[in-house]
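Numbering (my numbering), first residue to last: 1454 to 1493.
First comes the structure, then the notes that go with it.
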């Protein structure tokens, strides 16, 4: 039971990591387009 719980936690953390990175990438792209739009 404990092993299964540990695996679920690992999967959850990996999932959050993937979501976090894609969110940061999206934010970065938004920032880039914003800079281009206003020639900063």
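Yeah, the Cβ is synthetic: ideal placement off N, Cα and C, and Gly gets one too.
Beta-carbon contacts of residue i that lie in its chain and below 7 Å, excluding the five residues immediately before and after
i, result
"residue 1480", "none"
Simplified DSSP state of residue i, which is helix, strand or coil
i, result
"residue 1492", "coil"
Chain-order list of residues whose beta-carbon lies under 6 Å from that of residue i (same chain, five-residue window excluded)
i, result
"residue 1476", "none"
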